[in-house]
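Following the numbering used here, the residues of the sequence shown are numbered contiguously, the last one being 459.
Data first, discussion second: the structure below is written as structure tokens.
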Amino acid sequence: RPREGRPRRETAGGQVRRAAAHAVRSTKKGARKERVMFSSGQQQRCLMRRERLLRQASTSQPSLGAGLCERRGARATATQGRLKVKGPEDRRGGARLRVGAAAAESALSAVEPPLTPLQRVQRAASFWSATVPILVAYTVAEKWLNNVSHYDEAEKELIWDRLHEWGSSKLSVTMNKLKGFYVKSGQLISTRVDLFPPAYIDRLAELQDRLDPLPAAVVKEVISRELLNGAPIERAFTDFEDVPLGSASVAQVHKATLKSGKVVAVKVMRPFIEPKLRGDVKNIIKFAKAFEDLLPLDYYLVFTEIAERMEDELDFRAEANAMDKINDLLQRKPDGTKRYKPFLHTPRSVKGMVTKRVLVMDYLDGTTLTQLGEEAKEKGESNEVLAKLIGEKLVGALTRGFGQMVLQGGLFHGDPHPGNIMVLKNGDIALLDFGQTKQLDSRLQKQLASLCVLLE
């Protein structure tokens, strides 16, 4: 017993064993389940604060055990901020306890922690150090070729082509490394064939917004906490595929089956992603403002608009609302009657299963244009083959669908890159990911309609 007035000290190993004790007890036959009690504040903070847990492993390891024990159905009650374990402790299982703690820590280690102030600065510096030299090179080349050099037009064209190849490669590598909003910006640039050289269009079109997937245990914990008030996901799902359908910088999507038998897609937001994306947006807006005279378009306004829309992308409730409105719109004719088959298929959210960070929606069975391109490349086929197979139907569906969204409802999908366009098993075309949408006012709708009539 400690001396009176002196706080009890516990070794780090003992704390680790206490935090991971649930892992051994769940597999130890006949062992009495021990009850773990901890504060309600710890319950709320325990899952996603990996950085804090790892940094304070020697002093606050009980909070790690809190989140894990909750998944085992242990009874949690408020105490004076301490973790108390009731029941006999199996000291002979010390090695097994440490293995369980290591496994738990390994799962949490896959969750990318929040960026520290230093990491935010380093991330911004990586972007600026890659982009500023590109713009400087173009400025110097333009002045030199126009005022100093004596090259003919063919030689100048060759120099520009080499500069485009170098600049596009450097920009693509940087954006692909940083991921997040930078990849989304690159995908946006790749759609402006009227403003950028072909080298930039081709390079940036290859950008893939993909990250290593989160562990299934972490995803299920997020769903349990956000959607089911801490209950295990088996309460809502009869089947949940651990391997995600896709994993991007903002979220990842899993296929699952509800208790009703309905097959759905479950979209789960990555922990700590909001401040990271907002920091990226600030960096790229500052860049566009600083070099607006050198860019072919006022990208300051473009990225400012995207930043405003991004707030909806970080709230799945707003995405579900826009997705359902567009789904309703595409199902109707201009006179309000139901359309036999929509030009574009879109998923609908499942009522009562949408939160800020979890979105349950219809599952669409098909292949995205990005995946089709990758499969064709692996088989040695060119994009021309793919275009001949689906090109006419794809263009027709997108033209009619977006025409209906813009002119009939005024609400349209704002991010139709190849990864968000899907060819269904029956050959129909579908749209995915409604995080980026835009609502037009009636005045602008009428102006666009008048323009289309004049062009026709």
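Beta carbons: idealized from backbone N, C-alpha and C, even for Gly.
In this text, all values refer to a predicted model and were calculated from it rather than measured experimentally.
Counted as a single uninterrupted DSSP element, the beta strand (DSSP E) harbouring L261 occupies residues 254 to 261. Shown here, T194 sits in coil according to DSSP, grouped into three states, outside any helix or strand. DSSP places V357 within a strand segment (E or B) once states are collapsed to three.
Membership of T340 in any alpha helix (DSSP H) is not indicated, and neither H nor E is assigned to it by DSSP. Burial state of E322 is buried, judged by a 10 Å Cβ sphere holding 16 or more other Cβ atoms.
With contacts defined by Cβ atoms closer than 8 angstroms, G412 and L280 do not form a contacting pair.
Residue pairing by DSSP places F240 opposite L261 in a beta bridge. Around the beta carbon of L198, fewer than 16 other beta carbons lie within 10 angstroms, which makes this residue exposed. Contact between F319 and L362 holds: their C-beta atoms lie close to 4 angstroms from each other, under 8 angstroms. DSSP places V305 in the uninterrupted alpha helix (DSSP H) bounded by 302 to 316.
With a contact defined as Cβ atoms closer than 8 angstroms, V426 and G369 qualify at about 5 angstroms. In the three-state reduction of the DSSP assignment, R273 falls in the coil class. Exposure of Q125 is indicated by the presence of fewer than 16 other C-beta atoms within 10 angstroms of its C-beta.
Where K223 is concerned, the enclosing alpha helix (DSSP H) starts and stops at 219 to 230. V267 carries a strand assignment under DSSP once its states are collapsed to helix, strand and coil. The beta carbon of A310 sits closer than 6 angstroms to those of V284, all from its chain and outside the five residues before and after it, given in chain order. Taking a contact to require three or more Cβ pairs closer than 8 angstroms, the region 237 to 247 and the region 257 to 275 qualify as touching. Listed in chain order, the non-local C-beta contacts of D444 below 8 angstroms within the same chain comprise G413, local neighbours out to five positions each way being set aside. Three or more beta-carbon pairs separated by less than 8 angstroms link the region 198 to 210 to the region 169 to 179, which places the two stretches in contact.
If you check the CB distance, G438 and D315 come in under 8 angstroms. Fewer than three Cβ pairs drawn from the region 176 to 194 and the region 216 to 229 lie within less than 8 angstroms of each other, which leaves the two stretches out of contact. For T373, the enclosing alpha helix (DSSP H) has its first and last residue at 372 to 381. For the set D164, R342, V357, L304, the Cα lying nearest the Cα of A325 is the one of V357. Between the C-alpha atoms of G264 and E295 there is a straight-line separation of about 54 angstroms. Here D164 is exposed. Its C-beta has fewer than 16 other C-beta atoms within 10 Å.
In the DSSP assignment, V143 falls within the unbroken alpha helix (DSSP H) covering 120 to 150. For H416, the enclosing beta strand (DSSP E) begins and ends at 414 to 416. Of P200, R312, L191, the smallest CA-CA separation from Y141 is found for P200.
In this structure, S129 lies near T177, with their beta-carbon atoms less than 8 angstroms apart. Under DSSP, the beta-bridge partners assigned to M425 are T371, A433. G406 places its beta carbon 8 angstroms or farther from that of T371. Taking the C-beta atoms as reference points, L118 is found nearer than 8 angstroms to G282.
Annotation: the continuous alpha helix (DSSP H) that includes Q448 extends over 445 to 458. Ranked by how close their Cα comes to the Cα of P216, the residues I192, V398, K449, A254 have A254 in first place.
Under DSSP, no beta-bridge partner is assigned to S172.
Annotated as proximal: R335 and K341, with beta-carbon spacing under 8 angstroms.
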